[in-house]
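There are 2 protein chains.
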Amino acid sequence: MPDAAGPTTPGSEGAPPREDSRLPLSGLRVVELGHYIAAPFATRLLADLGAEVIKVEPPEGDPHRDWGARVNGRAVWFSIHGRNKLSVTVDLKSEEGRRKVRALCARADALVENFRPGYLERIGLGPEVLRAENPRLVIARVSGYGQDGPYRDKPAFGAIGEAMGGLRHLTANPGQADLPPPRCGVSISDDLAGMYAALSLVSACWGRDRKADGQGGGKGVTIDLDLVSSVFSLMEGMLPEYGMLGRIRQPMGAALPSAAPTNTYPCADGKWLAIAGNSDLIFRRLMERIGRPDLAADPRMASNSGRCAHAGELDEAIAAWTRTMTAKEAQEAMEAVQVPCSRLYDMKDCAEDPHFQARDMMLEVEDPLVGATVPHPAAPFRFEGVPPRDMVRWPGPAVGQHNDYVFDTLLKEDAR
Amino acid sequence: MPDAAGPTTPGSEGAPPREDSRLPLSGLRVVELGHYIAAPFATRLLADLGAEVIKVEPPEGDPHRDWGARVNGRAVWFSIHGRNKLSVTVDLKSEEGRRKVRALCARADALVENFRPGYLERIGLGPEVLRAENPRLVIARVSGYGQDGPYRDKPAFGAIGEAMGGLRHLTANPGQADLPPPRCGVSISDDLAGMYAALSLVSACWGRDRKADGQGGGKGVTIDLDLVSSVFSLMEGMLPEYGMLGRIRQPMGAALPSAAPTNTYPCADGKWLAIAGNSDLIFRRLMERIGRPDLAADPRMASNSGRCAHAGELDEAIAAWTRTMTAKEAQEAMEAVQVPCSRLYDMKDCAEDPHFQARDMMLEVEDPLVGATVPHPAAPFRFEGVPPRDMVRWPGPAVGQHNDYVFDTLLKEDAR
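Just so you know, the protein sequences line up as chains A and B, in that order. The working numbering puts the first residue of the first sequence at 11, with every later residue one more than the last. The working numbering puts the first residue of the second sequence at 11, with every later residue one more than the last.
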């Protein structure tokens with residue numbers, strides 16, 4: 011695999027991690043006391059950006075390592091979720107284990123954790139303890155409901171953030187009261203909280219390090235992130251629309267109530283095509299192309315408000331045409347007359363798409379743990395002069411793969 | 011309104027903006043050449059974090075100002091979307107306007123823009139031009155498909171990232187081939203790209219400013235962000251699962267393919283309850299509570315992967331129990347044994363929830379432009395010692411409200 015990211019997984023032969031000074035967070039050390047998704051996703055983004063992330067796992071490993079389909083006995087998602095990180099094992103139930111975590115945090119820029127609120131304090135690793143040894147330590151705490159409030163001690167998983175934050179209410183199918191509203195399909199509330207954790211953590215480091223240059227300060231801060239607020243932050247203008255006008259946003263399915271025709275239409279191969287024909291000019295081109303010049307010329311359909319009043323009739327006409335061909339054929343026909351549209355890509359569509367390929371959005375990464383070359387999505391941010399494949403320095407490591415390197419080499423070098 | 015954020019909108023009487031050194035990005039200046047959602051959402055997050063954001067608008071204003079429901083003739087979403095920003099107007103078609111943008115960028119840390127790729131270069135404001143005057147300038151560019159690749163010049167519309175990035179495929183209802191997969195209900199791909207823009211921008215500033223302390227470097231970089239990659243980055247293990255095993259992730263409705271049991275279950279009163287019982291310990295508590303200790307002890311169900319293989323059987327057992335009581339009764343029973351669960355909140359549920367209220371997740375902000383007190387969602391990140399209401403310094407300003415302050419005061423002060 012000449013294109014694969016190199017086999018330079020650090021620590022496998024005691025080698026130091028490959029630092030890359032082209033990456034913006036090169037030189038930032040972050041300790042992860044994380045499991046499952048939210049905190050590990052935050053640190054994966056930081057690691058993609060060049061940070062040195064030390065993932066602290068229990069001796070049996072993060073249970074997330076068991077999630078998803080396996081190849082050679084290994085869940086392949088972890089190849090991505092754990093990439094660019096160092097893994098060390100620590101038994102938090104032992105004094106020796108807690109001493110190791112304190113030693114790591116004493117030499118780190120930041121800590122990301124997603125235990126239940128209060129747990130770190132109970133085992134003697136709360137912010138006050140850690141910051142007594144390292145006043146610079148930024149601590150980002152991710153939880154379901156936040157570090158205070160009446161629900162703080164309730165257990166929460168991602169589905170709960172999506173439900174309480176307002177998103178699941180919006181994905182219902184109008185008029186289908188017997189169908190459970192579908193999820194987003196991914197762990198969206200964990201992902202959002204992880205992204206906010208990464209953003210606020212780096213921001214806190216920027217502010218701390220700026221103040222350290224002669225303005226006093228330079229202290230680390232504690233940041234409280236929760237799944238519910240992370241989802242709720244995306245609710246656009248819905249809070250004032252309810253609070254000031256009493257309007258409760260309702261699910262809209264695949265349509266928009268204020269513009270027509272724009273919807274998602276069924277094709278002959280069972281796939282769907284989203285078509286946005288909702289401007290006067292585009293509408294006429296769309297109707298001509300599907301063989302309905304009568305509707306293009308219909309005075310009832312001359313304006314958007316008229317089209318909205320007859321949206322069902324227009325959607326039926328468009329669907330009658332899309333049903334006669336594959337989604338790909340329909341998309342090509344629409345694009346030829348400059349009508350905005352998009353198929354709903356599944357993973358095969360993504361993998362075969364020439365734009366995804368041209369942009370190196372899918373990387374082949376040699377993974378010694380899986381014993382195979384694993385396709386990885388590229389980092390979502392591209393830095394000029396840094397090829398996307400260079401941002402995947404190594405795949406998710408084995409449990410405790412870097413114990414010797416981190417505890418015997420890294421910490422001792424720092425202590426010198 | 012003694013609790014409302016103060017009326018200290020900067021510039022209304024020529025006053026300087028209220029800086030808050032408790033916020034981590036206080037002292038970071040960011041220029042926004044943005045419209046609609048993605049770039050303005052990035053800068054809203056940066057502004058919430060304390061950055062000085064200068065939003066550059068055409069004389070008629072960002073068209074987003076018209077989006078959504080109105081109060082007193084003003085769309086209330088913009089009160090949130092534009093908060094904590096300074097607004098200046100510039101005509102990019104005039105040489106005078108472009109000179110102003112160059113002057114702003116010459117004195118800024120970073121620029122966020124979401125024009126079509128190539129537009130800034132065509133009007134003489136490309137990265138090379140801007141960085142010739144300010145080598146430190148970090149530039150985050152947000153577009154539908156990215157700055158290169160075969161689709162770069164195709165027009166992006168709202169649903170593209172969601173559809174091409176793989177998310178819309180996953181929101182279908184299994185077994186309901188005649189129902190179009192619903193939208194997420196919010197502008198999720200713009201939001202994700204905006205969050206990644208904010209994260210990578212601050213990271214680039216941290217790396218630049220670290221290098222400036224005597225390590226050489228200190229140059230600004232250009233970052234390429236696109237809606238499609240931003241959504242695609244959340245596709246978990248789906249790419250290797252397809253590439254290595256040929257498996258194409260299919261919609262799961264309210265279930266998850268990688269964790270079980272977690273689903274949305276029907277109750278006797280016709281309402282839905284999301285229950286997440288997908289960890290070993292929680293699973294056993296859940297099964298005991300619904301009277302199925304046999305499943306709790308079943309060796310097939312001992313691990314998450316085993317439970318995923320028998321998810322249908324578990325969902326049937328849970329639904330058989332939830333159908334015998336109201337959603338409220340089921341929720342109370344689940345909470346009594348510490349099993350995560352939630353109803354699907356609409357905006358009224360959010361507004362009335364005691365936890366949202368106790369956490370100050372909804373703030374009353376006096377908005378002179380709307381002429382009313384507008385409820386705002388708090389910033390999703392909380393910094394110890396900074397009350398959430400202090401992070402909303404002022405609501406979305408009028409078009410060009412800060413022209414005099416920015417062009418006559420701010421830039422001249424800096425030039426001294």
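We put the CB at the ideal spot given by N, CA and C, even for glycine. Here the structure is a predicted model, which is why all the values come from computation and not from measurement.
Anything in chain B within Cβ reach of residue i, meaning under 7 angstroms, just list it in chain order.
{"i": "residue 394 (chain A)", "result": "231, 232"}
{"i": "residue 293 (chain A)", "result": "None at all; the shortest Cβ gap to chain B is about 15 angstroms."}
{"i": "residue 335 (chain A)", "result": "Here the premise fails: no neighbours, minimum Cβ distance about 17 angstroms."}
{"i": "residue 156 (chain A)", "result": "369"}
Alpha carbon to alpha carbon, how far is residue i from residue j?
{"i": "residue 287 (chain B)", "j": "residue 167 (chain A)", "result": "9 angstroms"}
{"i": "residue 16 (chain B)", "j": "residue 383 (chain B)", "result": "Bear in mind that a pLDDT of 38 at residue 16 (chain B), under 50, signals an unreliable position, so the number given afterwards is only what the model happens to contain. Answer to the nearest angstrom: the Cα atoms are 11 angstroms apart."}
{"i": "residue 30 (chain A)", "j": "residue 36 (chain A)", "result": "6 angstroms"}
{"i": "residue 325 (chain B)", "j": "residue 299 (chain B)", "result": "14 angstroms"}
{"i": "residue 362 (chain A)", "j": "residue 284 (chain A)", "result": "19 angstroms"}
{"i": "residue 430 (chain B)", "j": "residue 156 (chain B)", "result": "Only positions 11 to 426 of chain B appear in this structure, which leaves residue 430 (chain B) out of reach."}
{"i": "residue 68 (chain B)", "j": "residue 101 (chain B)", "result": "6 angstroms"}
{"i": "residue 99 (chain A)", "j": "residue 34 (chain A)", "result": "28 angstroms"}
{"i": "residue 307 (chain A)", "j": "residue 350 (chain A)", "result": "21 angstroms"}
{"i": "residue 86 (chain B)", "j": "residue 95 (chain B)", "result": "16 angstroms"}
{"i": "residue 184 (chain A)", "j": "residue 216 (chain A)", "result": "46 angstroms"}
{"i": "residue 76 (chain A)", "j": "residue 315 (chain B)", "result": "7 angstroms"}
{"i": "residue 236 (chain A)", "j": "residue 364 (chain B)", "result": "16 angstroms"}
{"i": "residue 136 (chain B)", "j": "residue 130 (chain B)", "result": "5 angstroms"}
{"i": "residue 74 (chain B)", "j": "residue 45 (chain B)", "result": "7 angstroms"}
{"i": "residue 410 (chain A)", "j": "residue 72 (chain A)", "result": "11 angstroms"}
{"i": "residue 342 (chain A)", "j": "residue 348 (chain A)", "result": "10 angstroms"}
{"i": "residue 56 (chain A)", "j": "residue 39 (chain A)", "result": "10 angstroms"}
{"i": "residue 201 (chain B)", "j": "residue 279 (chain B)", "result": "35 angstroms"}
{"i": "residue 103 (chain A)", "j": "residue 123 (chain A)", "result": "16 angstroms"}
{"i": "residue 352 (chain A)", "j": "residue 169 (chain B)", "result": "8 angstroms"}
{"i": "residue 434 (chain B)", "j": "residue 323 (chain B)", "result": "Missing from the structure shown is residue 434 (chain B); chain B here goes from 11 to 426 and no further."}
{"i": "residue 281 (chain A)", "j": "residue 241 (chain A)", "result": "29 angstroms"}
{"i": "residue 415 (chain B)", "j": "residue 97 (chain B)", "result": "10 angstroms"}
{"i": "residue 181 (chain B)", "j": "residue 262 (chain A)", "result": "13 angstroms"}
{"i": "residue 53 (chain B)", "j": "residue 42 (chain B)", "result": "7 angstroms"}
{"i": "residue 220 (chain A)", "j": "residue 339 (chain B)", "result": "53 angstroms"}
{"i": "residue 230 (chain B)", "j": "residue 403 (chain B)", "result": "28 angstroms"}
{"i": "residue 112 (chain A)", "j": "residue 289 (chain B)", "result": "28 angstroms"}
Can you list the residues of chain B that residue i reaches, using a CB-CB cut of under 8 angstroms?
{"i": "residue 81 (chain A)", "result": "250, 254, 255"}
{"i": "residue 382 (chain A)", "result": "254"}
{"i": "residue 170 (chain A)", "result": "284, 286, 350, 351, 352"}
{"i": "residue 212 (chain A)", "result": "209, 212, 213, 216"}
{"i": "residue 133 (chain A)", "result": "Chain B residues near residue 133 (chain A): none, gap ~18 angstroms exceeds 8 angstroms."}
Give me the chain A residues within the contact set of residue i, using Cβ-Cβ distance strictly less than 8 angstroms, ordered along the chain.
{"i": "residue 328 (chain B)", "result": "Neighbours of residue 328 (chain B) on chain A: none; closest Cβ ~12 angstroms, over 8 angstroms."}
Using a cut-off of 9 angstroms between C-beta atoms, extract the partners of residue i located in chain A.
{"i": "residue 174 (chain B)", "result": "352, 353, 354, 355, 359, 360, 363, 365, 366"}
{"i": "residue 219 (chain B)", "result": "216, 219, 220, 223"}
Could you list which residues in chain A have their beta carbon closer than 7 angstroms to that of residue i, in chain order?
{"i": "residue 345 (chain B)", "result": "164"}
{"i": "residue 128 (chain B)", "result": "Correct list: empty, because the minimum Cβ distance to chain A is about 15 angstroms."}
{"i": "residue 187 (chain B)", "result": "280"}
request  = Output the residue ranges of the alpha helix (DSSP H) runs that lie fully inside the region 282-324 of chain A and measure 4 residues or longer, sorted by chain position.
outcome  = 290-299, 303-307, 314-319
task = Answer yes if the region 71-89 of chain B comes into contact with the region 382-402 of chain B, meaning at least three C-beta pairs across the two stretches below 8 angstroms, and no otherwise.
result = yes
key: Stretch pair the region 411-426 of chain B + the region 264-278 of chain A: three plus CB contacts closer than 8 angstroms   = At 8 angstroms Cβ cutoff, the stretches do not touch.
key: Members of the region 297-331 of chain B near chain A, C-beta cut-off 8 angstroms   = 313, 314, 315
request  = Flag this pair as touching only if the region 138-149 of chain A and the region 56-63 of chain A have three or more C-beta atom pairs under 8 angstroms; answer yes or no.
outcome  = no
ask   = Fully enclosed by the region 210-291 of chain A, which alpha helix (DSSP H) runs are 4 residues long or longer?
value = Segments of the alpha helix (DSSP H) lying fully in the region 210-291 of chain A: 237-242, 248-255.
message = Beta carbons nearer than 7 angstroms to chain A: which residues of the region 46-66 of chain B have them?
response = Taking 7 angstroms as the cut-off between beta carbons, the residues of the region 46-66 of chain B near chain A are 55, 59, in sequence order.
ask   = Would you call the region 248-267 of chain A and the region 247-261 of chain B in contact, with 3 or more CB pairs under 8 angstroms?
value = Flag = no, the region 248-267 of chain A and the region 247-261 of chain B do not touch.
task = Output, in sequence order along the chain, the residues in the region 399-423 of chain A whose CB is closer than 9 angstroms to any CB in chain B.
result = Those would be none; no residue qualifies.
request  = May I ask you to list, following chain order, the residues of the region 193-204 of chain A that have a beta carbon less than 9 angstroms from some beta carbon of chain B?
outcome  = 193, 194, 195, 196, 197, 198, 201, 202, 203
request  = For the region 191-209 of chain B and the region 334-341 of chain A, state whether three or more C-beta atom pairs, one from each stretch, are separated by less than 8 angstroms.
outcome  = no
task = For the region 98-150 of chain A, list the alpha helix (DSSP H) runs that are entirely contained and at least 4 residues long, ordered along the chain.
result = 105-116, 129-132, 137-143
request  = Take every Cβ of the region 364-377 of chain B, pair it with every Cβ of the region 146-162 of chain A, and state whether three or more of those distances are shorter than 8 angstroms.
outcome  = Under the Cβ criterion (8 angstroms, minimum of three pairs), the region 364-377 of chain B counts as touching the region 146-162 of chain A.
key: contact_flag[the region 112-119 of chain B, the region 179-197 of chain B] where n(CB pairs < 8 angstroms) is 3 or more   = no
query = What residues in the region 238-249 of chain B bring their beta carbon closer than 7 angstroms to a beta carbon of chain A?
reply = Within the region 238-249 of chain B, those residues whose Cβ lies closer than 7 angstroms to any Cβ of chain A are, in chain order, 239, 240, 242, 243, 244, 245, 246, 247, 248, 249.
message = Please identify, using Cβ separations under 9 angstroms, the residues of the region 95-125 of chain A that lie next to chain B, in order along the chain.
response = none
request  = Tell me the start and end of each unbroken alpha helix (DSSP H) in the region 34-87 of chain A that is at least 4 residues and wholly inside, in chain order.
outcome  = 48-58
request  = Would you list, in sequence order, the uninterrupted beta strand (DSSP E) runs of no fewer than 3 residues that lie entirely inside the region 146-181 of chain A?
outcome  = 148-153
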